[in-house]
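The structure appears right after this line, and notes come after that.
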Ligand code: URP
Ligand code: ZN
Ligand code: ZN
């Protein structure tokens, strides 16, 4: 029988602010936001002193994904458990096209990997890496199946990169279909020239990853992407922005009324490029693309989140173990698989290091980790909000407790975390997926097959 219970006395973050109130949960949905009379015959869970937010929605992940000669070390089972522990109840994963593969085949492959294995709700974007004659028709089929967003790469030449004509065509198709185009904006041509020069000069270690991708390689691609979107009269969503110049370009476009939006990630907000100077091969842990940046860029990203230039913080969860995976590039940084784990720590880090030091209000934090990603990707208001009728995906956060990030005790399947030993104010005490308890104080307690595929709306 579906459970009926109340979360009583918490500070509940809703769309019209934070209020001390109760939540009545029934049959997996929020039945009411408001005081539950003491006389009501109902199971009451006391959450006084705690903060209650909607479950995190992580719209940028790579589970069980072959990339740069390795396969990400978390599959849908382990990553979804880690997500639950870290307060995320929905993720949207990038289904990655192989050369020559048709989109329906990609989706079938991805559904086969995730189906019955995810402990939280999930959906897919389609990453188009190899356009083919029937692509347009297949994009329409995907949208009809609820896969309403696509990704293209302006970098990773020979692996995933499209040219400007292909990007322009796909932008137009997305506009026609009401789909969102997610763009990885880095100038792949210039990066390859710089990388080649560095290797010829004997700079083969992970620091050269940073040197081969200066901020201009992102800013140029972002500005070009905006121009192409303008030409196609299409919306565009930039993934994983890392630079002040990119934030500025997106702000200008938005001010001009263009439907341009952008995301950044936990690591760009919190980690410094100085980490690439770590001794030996240690810095391979931070080889993500685009790379980590300096403090002026981080300040611009936080500012962009506050002033709504940027709407979303994702994890870009793309874990590769140091042992046996990152080491593929021990002699040549170009072969280090790009990516790092992050789904487990996105929500707690953004609360502990975003809200607590005053970088984000509690309400804006909820918007960028949950509400906006749900809105942008056709999941709202089932997901991303605490209101009557929404899914009872809820996170109970104890502001008076704290935690320390350790790879040894985390749930993500990776042999390191870029946030090792970070002290995090606040602790996630309980996580509910559609009214079912799935995590309790750092432990997964849900069902491994509880996650449902979410068919998403087009614009
Ligand atoms: O380093 C990254 N971001 N790896 C994942 C692939 C991508 O570009 O999103
Ligand atoms: Zn990317
Ligand atoms: Zn990614």
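Residue numbers (the working numbering): 19 to 477.
Glycine included, C-beta positions come from ideal geometry on N, C-alpha and C.
Every value quoted in this text rests on a predicted model; they were computed, and no experiment measured them.
Take residue i as the anchor and find which of the options has the nearest alpha-carbon.
{"i": "residue 249", "options": "460, 271, 384, 149", "result": "271"}
{"i": "residue 320", "options": "303, 295, 281", "result": "281"}
{"i": "residue 194", "options": "230, 154, 164", "result": "154"}
{"i": "residue 87", "options": "174, 410, 430", "result": "174"}
{"i": "residue 364", "options": "433, 313, 348, 445", "result": "445"}
{"i": "residue 297", "options": "470, 254, 223", "result": "223"}
{"i": "residue 466", "options": "139, 69, 36, 31", "result": "139"}
{"i": "residue 374", "options": "158, 405, 420", "result": "420"}
{"i": "residue 474", "options": "100, 191, 391", "result": "391"}
{"i": "residue 368", "options": "214, 339, 84, 332", "result": "332"}
Based on DSSP bridge pairs, tell me the residues matched to residue i.
{"i": "residue 450", "result": "412, 455"}
{"i": "residue 278", "result": "254"}
{"i": "residue 76", "result": "109"}
{"i": "residue 175", "result": "For residue 175, which the question treats as bridged, DSSP gives no partner whatsoever."}
{"i": "residue 145", "result": "114, 169"}
{"i": "residue 484", "result": "Residue 484 is absent from the structure shown; the chain starts at 19 and stops at 477."}
Among residues of its own chain, excluding the 5 on either side of residue i, which ones have a beta-carbon nearer than 7 Å to its beta-carbon?
{"i": "residue 246", "result": "182, 185, 186, 189"}
{"i": "residue 377", "result": "320"}
{"i": "residue 42", "result": "24, 49, 50, 54"}
{"i": "residue 204", "result": "172, 173, 231, 235, 236, 239, 307, 308"}
{"i": "residue 469", "result": "98, 136, 137, 138, 139, 140"}
In three-state DSSP terms, what is residue i?
{"i": "residue 296", "result": "coil"}
{"i": "residue 50", "result": "strand"}
{"i": "residue 19", "result": "Caution applies to residue 19, whose pLDDT of 48 falls short of 50 and renders its modelled position unreliable; the value that the coordinates give is listed next. Note: residue 19 maps to coil in three-state DSSP."}
{"i": "residue 318", "result": "helix"}
{"i": "residue 234", "result": "helix"}
{"i": "residue 220", "result": "coil"}
{"i": "residue 421", "result": "strand"}
{"i": "residue 363", "result": "coil"}
{"i": "residue 345", "result": "helix"}
{"i": "residue 442", "result": "strand"}
{"i": "residue 198", "result": "strand"}
{"i": "residue 188", "result": "helix"}
{"i": "residue 98", "result": "helix"}
{"i": "residue 476", "result": "coil"}
{"i": "residue 203", "result": "coil"}
{"i": "residue 325", "result": "coil"}
{"i": "residue 393", "result": "helix"}
{"i": "residue 338", "result": "coil"}
{"i": "residue 91", "result": "coil"}
{"i": "residue 183", "result": "helix"}
{"i": "residue 291", "result": "helix"}
{"i": "residue 244", "result": "helix"}
{"i": "residue 332", "result": "strand"}
{"i": "residue 29", "result": "strand"}
{"i": "residue 260", "result": "coil"}
Under 8 Å Cβ to Cβ from residue i, same chain only, skipping five residues before and after it: list those, please.
{"i": "residue 149", "result": "180, 184, 187, 188"}
{"i": "residue 345", "result": "299, 302"}
{"i": "residue 156", "result": "120, 121, 122"}
{"i": "residue 196", "result": "161, 166, 476, 477"}
Apart from the five residues on each side of it in sequence, which residues of its chain come closer than 6 Å, Cβ to Cβ, to residue i?
{"i": "residue 315", "result": "261, 262"}
{"i": "residue 258", "result": "283, 334"}
{"i": "residue 372", "result": "378, 383"}
{"i": "residue 389", "result": "402, 403"}
{"i": "residue 441", "result": "422"}
{"i": "residue 178", "result": "147, 171"}
Just to be sure I understand the criterion: a residue counts if its Cβ is closer than 6 Å to at least one heavy atom of ligand 2. Which residues meet that?
202, 257, 258
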